[in-house]
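Under full-length UniProt numbering, the final residue of the sequence shown carries the number 154; numbering is consecutive throughout.
A virtual CB, placed ideally from N, CA and C, is assigned to each residue, including glycine.
Just so it is clear, the structure is predicted and the values come from calculations on it, not from any experiment.
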Amino acid sequence: MTQNSRPNPRSQARSAARLGAVQALYQQHMERTPIARLLDEFHQHRLGQTVEDEHYADAEIEFFDDLVGGVHARQSEIDDLLTARLAQGWTLARLDKTMLQILRCGTYELLARNDVPKATAISEYVDVAKAFFDNREAKFVNGILDAVAKEVRP
1 MTQNSRPNPR
11 SQARSAARLG
21 AVQALYQQHM
31 ERTPIARLLD
41 EFHQHRLGQT
51 VEDEHYADAE
61 IEFFDDLVGG
71 VHARQSEIDD
81 LLTARLAQGW
91 TLARLDKTML
101 QILRCGTYEL
111 LARNDVPKAT
121 AISEYVDVAK
131 AFFDNREAKF
141 VNGILDAVAK
151 EVRP
């Protein structure tokens with residue numbers, strides 16, 4: 001493997017942070033875990049740890065915290081942006097709960113993380129969707145986040 005073909009450790013840590021943020025927000029949505037306790041749980045027991053024989057990759061903690069805290073703080077604004085892009089008759093409540101968190105995280109990143117190129121943010125959340133769903137749902141994530149990006153980062 002040449003040096004240029006090695007995965008970038010920072011990129012891998014951010015990818016792990018994105019996946020972890022989706023999982024944390026899903027847990028928060030389902031269990032109503034307070035954000036501070038949720039962040040502490042993921043720092044201490046999930047990110048970079050082995051849980052039930054499954055290893056969680058090392059994540060960029062500050063990026064993870066920003067995603068989770070930012071989605072939580074701006075959820076109403078994020079949900080309004082997403083609702084406007086759903087097909088007529090659809091609501092956020094009808095979406096799969098994991099899908100909803102993927103879209104919320106992606107939307108937050110497009111809104112608040114101008115240090116991340118919009119194509120990178122969209123691609124990363126399409127990859128997260130592929131970890132949970134098939135290609136049809138991944139294309140849905142791509143379409144929704146692309147529409148959000150056109151509004152918030154013209």
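If you check the CB distance, Phe133 and Thr98 come in under 9 Å.
The DSSP-derived three-state label of Gly89 is coil. The distance from the Cβ of Ala13 to that of Glu60 is about 4 Å, consistent with a contact at the 8 Å cut-off. Secondary structure at Phe133: coil, using DSSP grouped into helix, strand and coil. Here Glu77 is exposed, its C-beta having fewer than 16 other C-beta atoms within 10 Å. Residues of the same chain with a CB within less than 7 Å of the CB of Leu39, apart from the 5 flanking positions on each side, are Asp65 and Val68 in chain order. Three or more Cβ pairs closer than 8 Å define a contact, and the stretch 116-131 falls short of that threshold against the stretch 83-92.
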